[in-house]
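Participant: Supplied in structure tokens, the structure appears directly below.
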Amino acid sequence: LSLLSELRKAIEREQFRLYVQPKLLLGSGQVVGVEALIRWVHPERGNVFPDEFIPFAEQTGFIRVLTGWVLEKSAALCRDLAAQGVHLKLSVNLSTRDLLDQHLPQKFADILAHHGLAPSSFCLEITESAIMDDPVRAQHTLARLHAMGVDLSIDDFGTGYSSLAYLKRLPVDELKIDKSFVLNMEHDEGDKKIVRSTIDLGHNMGLRVVAEGIESAAVWRLLAELGCDQGQGYFMSRPIPCEQLPAWLVQWQ
Ligand code: G
Ligand code: G
Ligand code: NA
Ligand code: MN
Numbered sequence: 540l541s542l543l544s545e546l547r548k549a550i551e552r553e554q555f556r557l558y559v560q561p562k563l564l565l566g567s568g569q570v571v572g573v574e575a576l577i578r579w580v581h582p583e584r585g586n587v588f589p590d591e592f593i594p595f596a597e598q599t600g601f602i603r604v605l606t607g608w609v610l611e612k613s614a615a616l617c618r619d620l621a622a623q624g625v626h627l628k629l630s631v632n633l634s635t636r637d638l639l640d641q642h643l644p645q646k647f648a649d650i651l652a653h654h655g656l657a658p659s660s661f662c663l664e665i666t667e668s669a670i671m672d673d674p675v676r677a678q679h680t681l682a683r684l685h686a687m688g689v690d691l692s693i694d695d696f697g698t699g700y701s702s703l704a705y706l707k708r709l710p711v712d713e714l715k716i717d718k719s720f721v722l723n724m725e726h727d728e729g730d731k732k733i734v735r736s737t738i739d740l741g742h743n744m745g746l747r748v749v750a751e752g753i754e755s756a757a758v759w760r761l762l763a764e765l766g767c768d769q770g771q772g773y774f775m776s777r778p779i780p781c782e783q784l785p786a787w788l789v790q791w792q
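Taking UniProt numbering, the leading residue of the sequence shown gets 540, the next gets one more, and so forth.
In structure tokens form, the structure reads like this:
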């Protein structure tokens with residue numbers, strides 16, 4: 540069985556699971572959103588991580604089906620939480636292929652309408668390399684999405700091959716500092732300097748700055764001191780099955 544036909548079957552047989560990782564204000568610890576992360580629960584291979592199938596899904600174009608699935612599940616989660624009085628922003632990862640899909644903005648609008656959600660309840664995360672693959676078309680798709688009122692975030696910031704000229708021109712709301720700079724920043728002066736400069740760069744451009752890869756209270760504290768707005772990481776929570784989120788939120792408070 541080819542991986543592509545396995546992926547198709549996996550959708551039909553509902554083997555994908557939506558995991559979420561809380562995103563919170565570093566000043567207060569208040570949870571303001573979650574990042575949606577897909578998992579494949581394979582009957583024989585167990586939990587298959589996205590690194591093992593996302594690149595392949597991108598090559599084959601199947602990523603559009605997966606992105607549609609993640610958007611749909613995230614919208615359902617957002618609506619269910621809102622019904623319980625919990626208002627969180629859902630962050631969803633987009634790939635290069637998604638940015639080249641001219642139907643994506645309309646598909647997204649349909650999902651929002653179906654669930655009665657405002658575009659502002661979503662944040663779409665895009666890596667620098669996805670944008671730089673075809674900057675003109677990416678910019679076109681991002682402009683359309685942004686005009687709808689959805690937040691846009693540059694993911695893994697600092698690791699890709701991007702230019703500040705694009706950062707200036709793109710309708711972006713958020714910078715996400717890559718975890719490679721954050722994980723060990725407490726002990727690595729170089730990483731700390733990069734993180735501090737990125738926070739300042741983001742703020743000077745009017746952007747919200749998020750750190751990922753927070754694995755200790757010390758790093759959380761340091762980021763808060765540096766003025767970083769939001770963060771996520773194993774210290775607060777690993778990605779968890781979305782069904783477990785309400786219980787996690789209760790014990791976090
Ligand atoms: O925690 P995790 O192992 O889920 O993530 C591994 C990689 O897979 C990350 O780069 C993450 O952005 C990517 N990833 C996880 N879920 C999705 C998804 O729904 N869509 C896309 N495009 N990438 C995802
Ligand atoms: O590439 P992207 O940033 O979308 O994916 C986030 C990835 O980072 C996921 O694989 C997620 O599981 C992982 N992650 C989230 N928090 C932490 C953390 O605190 N430490 C490490 N090592 N990885 C993390
Ligand atoms: Na991401
Ligand atoms: Mn990232």
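We put the beta carbon where it would ideally sit given N, CA and C, even for glycine. Fair warning: this is a prediction, and the values are worked out from it, not measured in the lab.
Please name the residue, chosen from P778, K731, G745 and I779, that lies closest to A757 on a Cα-to-Cα basis.
Facilitator: On the sequence shown, residue 757 is found 218 positions in, with the first residue counted as 1. When only C-alpha atoms are compared, the closest one is K731.
Participant: Under three-state DSSP, which class holds Y773?
Facilitator: Counted from its first residue, the sequence shown places residue 773 at position 234. Three-state DSSP puts Y773 in coil, outside helix and strand.
Participant: Any contact between the region 576-587 and the region 764-774? By contact I mean 3 or more CB pairs, one from each, below 8 Å.
Facilitator: No, because fewer than three Cβ pairs between the region 576-587 and the region 764-774 fall closer than 8 Å, the two stretches do not touch.
Participant: Do L681 and ligand 1 come close, with the Cβ less than 6 Å from some heavy atom?
Facilitator: Translated into the one-based positions of the sequence shown, residue 681 becomes position 142. No - ligand 1 has no heavy atom lying nearer than 6 Å to the Cβ of L681.
Participant: With a cut-off of 8 Å, do at least 3 Cβ pairs link the region 587-600 to the region 608-616?
Facilitator: Flag = no, the region 587-600 and the region 608-616 do not touch.
Participant: Can you tell me whether DSSP reads A575 as helix, strand or coil?
Facilitator: For the purposes of this step, residue 575 is taken as the residue at position 36 of the sequence shown. Note: A575 maps to strand in three-state DSSP.
Participant: Between I738 and H653, what straight-line distance do the alpha-carbon atoms span, to the nearest angstrom?
Facilitator: What you label residue 738 is simply residue 199 of the sequence shown in a count that begins at 1. What you label residue 653 is simply residue 114 of the sequence shown in a count that begins at 1. Those two C-alpha atoms are separated by around 37 Å.
Participant: Return helix, strand or coil for N632, following the three-state DSSP convention.
Facilitator: On the sequence shown, residue 632 is found 93 positions in, with the first residue counted as 1. DSSP places N632 in strand when its eight states are reduced to three.
Participant: What did DSSP end up calling E597 once you bin it into helix, strand or coil?
Facilitator: Locating residue 597 in the sequence shown gives position 58, where the first residue counts as 1. Looking at E597 - three-state DSSP - the assignment turns out to be helix.
Participant: State buried or exposed for H715, treating a residue as buried only when at least 16 other CB atoms are found within 10 Å of its CB.
Facilitator: Translated into positions along the sequence shown, residue 715 becomes position 176. Looking at the sequence itself, residue 715 is Lys, so the reference to His does not match. With 16 or more Cβ atoms within 10 Å of its Cβ, K715 is classed as buried.
Participant: Would S544 be called buried (16 or more neighbouring beta carbons within 10 Å of its own) or exposed?
Facilitator: Taking the first residue of the sequence shown as position 1, residue 544 is located at position 5. Exposed, by the Cβ-count rule.
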